[in-house]
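K.L.:
FYI, in my numbering the residues of the sequence shown are 26 to 411.
For each residue, glycine too, the CB sits at the ideal point set by N, CA and C.
Next up is a structure, given as structure tokens.
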Amino acid sequence: MKVTVSVLGRFHAFDLAGQLLKRGHLHRLITSYPKFIAARFGIPKEKVASILAAEFIKRLWPKFPEFIRNIYNSQLFISNFYDILASFRVSKSDIFVGFSSVSLYSLRKAKKKGAKIILERGSSHIVFQNDILKEEYEKYNLKPDLPHPKIIEKELREYQEADYVSVPSSFVKRTFLEKGFPENKLIRVPYGVNLSQFSQLPKNDDVFRVVFVGGMSIRKGFHYLLSAFSELNLPNSELLLVGSYNNEIKYFFEKYKGKYKWIGAVPQSELHKYYSQGSVFVLPSIEEGLGMVQLQAMVCGLPVVCTINTGGSDIVRDKVDGFVIPVRDVNALKEKIFYLYKNPDVLKKMGQSAKQRVVSGFTWDDYGEKMIEEYEKILNADKNYD
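Quick look at the structure:
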């Protein structure tokens, strides 16, 4: 079995490629990242087709002349630019795995060469995603940061033309089914975590510390966490924020100033140090496919409080490894955080349960084994049909 993977950027594609390589199935990794970055993930340069021009344009776009930025939408331009160039790097393989919104032309080329097409969609169905985020922006009268209409149109064509769509959680699967997508074309395999990179260290103090890691934005429901923690006003507690923040939530960042400690972005290799100093991890997202920060926090011994729209319910067993709550529910956030604050024995037990849960079934090796099993089923089904 030979598998080609195509991605603009990195996401979990490098982890997938690494698993395929380990088992002798990686034909080629097509990416906008340079080959030396892929090499850091153990992927040999001869297996990588690098489209650097797409990455340069993506990163330098804000510095382009204003008239160019006014003529072209950056999402759409970069998506099509990468996709077209990637299509020229597609060669014959058994399976082509393309990441959503940047793979339409590539998957068509791969299909002509006889490959089965699997589209990787890391978030909810794009129409569901667009609608729920639009609601949230309108609720706070903020300028929306949404997929361009032609990106939505392009991705819907990808869904239609792919043989299968691979999703990371039951939440994402449900959004596809609600939009009428055939269940027999969906593959659901949760992501994993690198155990060598994330490990629990001793906690250095007795502060009850709520940890949030990631880009702080409307989509992440970050504003609900700020509100909940501020209203609780717990003695000897801290809200630790690790990551960059989007200007769209600047108002909330300033409104609750003094109610949190902000670290800023840190290298992934350093994240386990911050998780380990936490008491509980909270991810209040409005929408995302499966927040991998949940897995990272759990393997560092933290119980997780997450919304049903984070994909976390596939990992976090409610009342065992943490709590799964509705979206946009400040009262539920307050209730669960306060409960863990008042019950340190339960907190510790849930944290260790969460750690064992991930170690025993949600590593990248577990992900690779499950995903390759799905690929083999697809190819075997075709053989049996023939």
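#1: Here's the rule: buried if 16 or more other CB atoms are within 10 angstroms of the residue's CB, otherwise exposed. What is Glu401?
#2: Within 10 angstroms of its Cβ, does Gln302 collect 16 or more other Cβ (buried), or is it exposed?
#3: So within the segment 118-166, which uninterrupted alpha helix (DSSP H) runs reach at least 4 residues, ignoring any that extend past its ends?
#4: Could you spell out the range, first to last residue, of the alpha helix (DSSP H) harbouring Leu372?
#5: Starting from Arg182, follow the alpha helix (DSSP H) in both directions and report where the run begins and ends.
#6: Tell me which residue opens and which closes the alpha helix (DSSP H) that Lys70 is part of.
#7: How long is the line joining the alpha carbons of Asn271 and Gly240, rounded to whole angstroms?
#8: Specify, as a first and last residue, the run of the beta strand (DSSP E) that Thr29 falls within.
#9: Identify which residue in Phe348, Ser149 and Arg114 has its Cα closest to the Cα of Glu203.
#10: Is it right to say Glu178 is buried, meaning 16 or more other beta carbons lie within 10 angstroms of its own, or is it exposed?
#11: Report the partner residues of Leu265 according to the DSSP bridge assignment.
#12: Suppose the cutoff is 7 Å on Cβ atoms and the five residues either side in sequence are ignored; what does the same chain contact list for Ser294 look like?
#13: List the whole-angstrom C-beta distance separating Val329 from Gly336, where the pair is believed to meet the contact cut-off of C-beta under 8 Å.
#14: When you compare the CB positions of Phe113 and Ala135, do they come within less than 7 Å of one another, or not?
#15: Using the DSSP secondary-structure output, state which residues sit across from Met323 in a beta bridge.
#16: Would you mind giving the Cβ-Cβ distance between Tyr162 and Ile274, rounded to the nearest angstrom? I have them listed as a contact below 8 Å.
#17: Find out if the Cβ-Cβ distance for the pair Val383, Met317 is shorter than 7 Å.
#18: Just the Cα atoms here: how many angstroms apart are Val32 and Ala38?
#19: Taking Ile76 as the reference, give the member of Tyr216, Thr56 and Phe66 with the closest Cα.
#20: Using the rule of at least 16 other Cβ atoms within 10 Å of the residue's Cβ for burial, across every protein chain shown, is Val73 buried or exposed?
#21: Which residues in the same chain as Gly139 place their Cβ atom closer than 7 Å to its Cβ, once the five residues preceding and following it in sequence are excluded?
#22: Among the candidates Gly326, Leu211 and Tyr130, whose CA atom is the shortest distance from the CA of Ile143?
#23: Within the chosen definition, does the segment 363-370 reach the segment 383-395 through at least 3 CB pairs nearer than 8 Å?
#24: Which of helix, strand or coil does DSSP assign to Arg94?
#25: Use the C-beta contact count for Tyr165: other C-beta atoms within 10 angstroms, 16 or more gives buried, fewer gives exposed.
#26: Output the boundary residues of the alpha helix (DSSP H) element that contains Ser301.
#27: Identify the continuous beta strand (DSSP E) that holds Val330 and give its terminal residues.
#28: DSSP on Phe254, reduced to helix/strand/coil?
#29: What's the C-alpha gap between Lys228 and Glu71?
#30: Rounded C-beta distance between Val115 and Ser131? I'm assuming under 8 Å.
#31: Measure the CB-CB distance between Tyr300 and Cys325 and report whether it falls below 7 Å.
#32: Consult DSSP for Val192 and reduce its assignment to one of helix, strand or coil.
#33: Between Val197 and Val307, is the Cβ-Cβ spacing less than 7 Å?
#34: Give me the Cα-Cα distance between Leu101 and Ile176, rounded to the nearest whole angstrom.
#35: Does the separation of the CB atoms of Ser378 and Val345 fall below 7 Å?
P.N.:
Put simply:
#1: exposed
#2: buried
#3: 129-137 and 151-164
#4: Pro369 to Val384
#5: Pro174 to Glu186
#6: Taken as a continuous stretch (DSSP letters only), Lys70 belongs to no alpha helix (DSSP H), as it is neither H nor E.
#7: 7 Å
#8: Val28 to Val32
#9: Ser149
#10: exposed
#11: Val236 and Lys286
#12: Gln222
#13: Contact doesn't hold; Cβ gap of about 12 Å is too wide.
#14: no
#15: In the DSSP output, where bridge partners are listed per residue, Met323 has none listed.
#16: In fact, because the Cβ distance is near 11 Å, the residues do not count as touching under 8 Å.
#17: no
#18: 7 Å
#19: Thr56
#20: buried
#21: Lys117
#22: Leu211
#23: no
#24: helix
#25: exposed
#26: Leu296 to Ser301
#27: Val329 to Thr332
#28: helix
#29: 43 Å
#30: 6 Å
#31: yes
#32: strand
#33: no
#34: 6 Å
#35: yes
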